[in-house]
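Numbering (the numbering used here), first residue to last: 1 to 478.
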DNA sequence: TTTTGAGTTGTTCGA
DNA sequence: GTCGAACAACTCAAA
């Protein structure tokens, strides 16, 4: 039988693998690289880098149990058929994915394989609650407000405890042919990944040790520390979770086990973030058009600006607002950005620059190692104000206040913007207001060693509010 | 069906 | 510096 690996690159708590291993006969792990089947969101550069490493780790973990990872590329259905033909397999198991194009593709594949007489089964390995199991009482409609959704989840039967990895994965007498991982050409041709390499250890064992470390030492501080950009107050498990190196059930039960008198608030707040991930999948499943369209239709007429020069400045971290620039540079260097700072840079792009959330979503998609279609869509639409349960449009982050509040000493700013490193607080949060002596002392020449602000906060804010107001009024008249 | 309460992460203004 | 109110209605969810 075949186990088709997708976004579940782990051995533990992997129902497809586990059920396959329990059956008679050999179980053959397969991965198929088919990015054209993921349009319009094929994995971006940072994701491909991670995928390469994670597949490598998975192959090694399988080898340690006397098995192998068979690697193919092409059309998924054809490759599955071929591997099945080479091995005589008549059964195919996999764990579900929820991206709209993948759901459609998998439905077709399942129907075709059924027709050919294969036994096909899919399992839940990626979510605490399947999107179709959490619905409004009585009406059976999906939720569009987080709090109500999460309350319903918490009232639902608890997610099952994670299963351990199978101890034996029976090998076939003859292995089917496989590509070498390098033949997928997932790694960048120009080596831009040094910073990412230095920051992350893809693969299940790296993920597990991060999880244990965080749960043992830091989760009890989560409520207190999570908003401070310069500290390691968050778990940084997002890429591991995206690629399925960890299951949300493992995180859920691990966190619950740490819940005691002192840590209740933090553990609940932490689990709530897993809840947001669940909510994102819930919305993507029930409103599949939202990966490419605003959920609130009036926003399809919103007057976004096409300003490629401003967009470039945002992408490169040269807006002149230190907190925005630090975030964008952290992203570029490490493939990740602190959650609080993601909100600030997203608000800045959509409100201050008034550039469409889709431009932001594309950039994040290409540069984040944790790029996840459900989370990316929800996050950007939430900030832009065009999604379900979105921030009210008048909620516009002030980049200076956010910086002062969540990085008071400027630790984070100094780490990512070396040219401002010698500027003292409070000026490091707003260099354009710094007195000449402070700038001289820090050897900064505004407009040359570090840019002046690309827009002024007050006027950009006023204009954004006016634009939203016009759209709202037009919508209400109609 | 109608009613009622509530809604992740904020900012600014004026007292 | 601190505090509460206004921002502006609207939609969702549950009783």
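All C-beta atoms in this analysis are idealised placements derived from N, C-alpha and C, irrespective of residue type, glycine included.
Worksheet item: What alpha helix (DSSP H) runs, 4 residues minimum, are completely inside the stretch 113 to 190?
Response: 146 to 155
Item to complete: Run the CB neighbour count on residue 106, radius 10 Å, all protein chains shown included, and call it buried at 16 or more, exposed below.
Response: For this step, residue 106 is matched to residue 106 along the first chain. With 16 or more Cβ atoms within 10 Å of its Cβ, residue 106 is classed as buried.
Worksheet item: Taking Cβ positions, are residue 310 and residue 400 nearer each other than 8 Å?
Response: Here residue 310 refers to the residue found at position 310 when the first chain is read from its first residue. Here residue 400 refers to the residue found at position 400 when the first chain is read from its first residue. The answer is no: Cβ separation not under 8 Å.
Discussion item. Which of the three DSSP states is assigned to residue 345 in this structure?
Written reply: The residue given as residue 345 occupies position 345 in the first chain. Helix at residue 345.
Practice prompt. Tell whether a beta-carbon distance below 8 Å holds between residue 10 and residue 210.
Written response: Taking the first residue of the first chain as 1, we reach residue 10 at position 10. Taking the first residue of the first chain as 1, we reach residue 210 at position 210. It is not a contact, given that the beta carbons lie outside the stated cut-off.
Worksheet item: Which word fits residue 146, buried or exposed, when buried means at least 16 other C-beta atoms lie within 10 angstroms of its C-beta?
Response: Locating residue 146 in the first chain gives position 146, counting from the first residue. Classification for residue 146: buried.
Worksheet item: When DSSP builds the beta bridges, which residues end up paired with residue 4?
Response: To locate residue 4, count along the first chain from 1; it is residue 4. Partner(s): 30, 94.
Fill in: Beta-carbon proximity list for residue 172, same chain, < 7 Å, skipping 5 on both sides
To locate residue 172, count along the first chain from 1; it is residue 172. For residue 172, where only same-chain residues beyond five positions count, the Cβ hits under 7 Å are 26, 28, 87.
Worksheet item: Taking the alpha helix (DSSP H) that residue 251 falls in, what are its first and last residues?
Response: In the first chain, counting from the first residue as 1, residue 251 sits at position 251. Note, residue 251: alpha helix (DSSP H), 248 to 257.
Item to complete: Kindly list the residues whose CB is nearer than 6 Å to the CB of residue 231, restricted to its own chain and excluding five residues on each side of it in sequence; keep chain order.
Response: As a working note, residue 231 is residue 231 in the first chain. Excluding positions up to five away in sequence, the list reads 225.
Worksheet item: For residue 455, which three-state DSSP category applies?
Response: As a working mapping, residue 455 is identified with position 455 in the first chain. If DSSP states are grouped into helix, strand and coil, residue 455 belongs with coil.
Fill in: the stretch 295 to 304 contacting the stretch 458 to 475, beta-carbon criterion three pairs below 8 Å
yes
Fill in: Enclosing beta strand (DSSP E) for residue 72 [first to last residue]
By one-based count along the first chain, residue 72 stands at place 72. Per DSSP, residue 72 belongs to the beta strand (DSSP E) from 70 to 73.
Discussion item. Would you call the stretch 252 to 264 in contact with the stretch 353 to 371, where contact means no fewer than 3 C-beta pairs closer than 8 Å?
Written reply: no
Worksheet item: Where residue 494 and residue 460 are concerned, what is the direct C-alpha to C-alpha distance, given to the nearest angstrom?
Response: Summary: the structure shown does not reach residue 494, with the chain confined to residues 1 through 478, and so no result is reported for it.
Item to complete: Give a yes or no on contact between the stretch 49 to 64 and the stretch 234 to 250, applying the rule of three or more CB pairs nearer than 8 Å.
Response: yes
Worksheet item: What are the start and end residues of the alpha helix (DSSP H) that includes residue 366?
Response: Taking the first chain and counting its residues from 1, the one referred to as residue 366 is at position 366. That run of the alpha helix (DSSP H) goes 357 to 367.
Practice prompt. Would you decide whether residue 190 is buried or exposed? Buried here means 16 or more other CB atoms lie within 10 Å of its CB.
Written response: As a first step, residue 190 must be located in the first chain, where it is residue number 190. With fewer than 16 Cβ atoms within 10 Å of its Cβ, residue 190 is classed as exposed.
Worksheet item: In angstroms, rounded to a whole number, what distance separates the CA positions of residue 89 and residue 14?
Response: For the purposes of this step, residue 89 is identified with residue 89 of the first chain, where counting begins at 1. For the purposes of this step, residue 14 is identified with residue 14 of the first chain, where counting begins at 1. C-alpha separation (whole angstroms): 20 Å.
Worksheet item: Are at least three pairs of beta-carbons, each pair with one atom in the stretch 119 to 132 and one in the stretch 277 to 284, less than 8 Å apart?
Response: yes
Worksheet entry | Distance between residue 386 and residue 409 (C-alpha atoms, nearest Å) | Residue mapping note: residue 409 aligns to position 409 of the first chain, counting from 1. Residue mapping note: residue 386 aligns to position 386 of the first chain, counting from 1. Answer to the nearest angstrom: the Cα atoms are 34 Å apart.
Worksheet item: Which partner residues of residue 446 appear in the DSSP bridge assignment?
Response: By 1-based counting over the first chain, the position of residue 446 is 446. 450.
Discussion item. Quick check: what's the CA-CA separation for residue 159 versus residue 249?
Written reply: Within the first chain, the letter at position 159 stands for residue 159. Within the first chain, the letter at position 249 stands for residue 249. If you take the alpha carbons of residue 159 and residue 249, they lie about 7 Å apart.
Item to complete: Could you tell me whether the stretch 364 to 373 touches the stretch 334 to 349, using the rule of 3 or more Cβ pairs below 8 Å?
Response: yes
Worksheet entry | Three-way DSSP call (helix, strand, coil) for residue 276 in this model | As a working mapping, residue 276 is identified with position 276 in the first chain. The answer is helix: DSSP assigns residue 276 an H, G or I state.
Item to complete: From the DSSP output, in three-state form, read off residue 325 for me.
Response: Your numbering for residue 325 matches position 325 in the first chain. Residue 325: helix per DSSP, three-state reduction.
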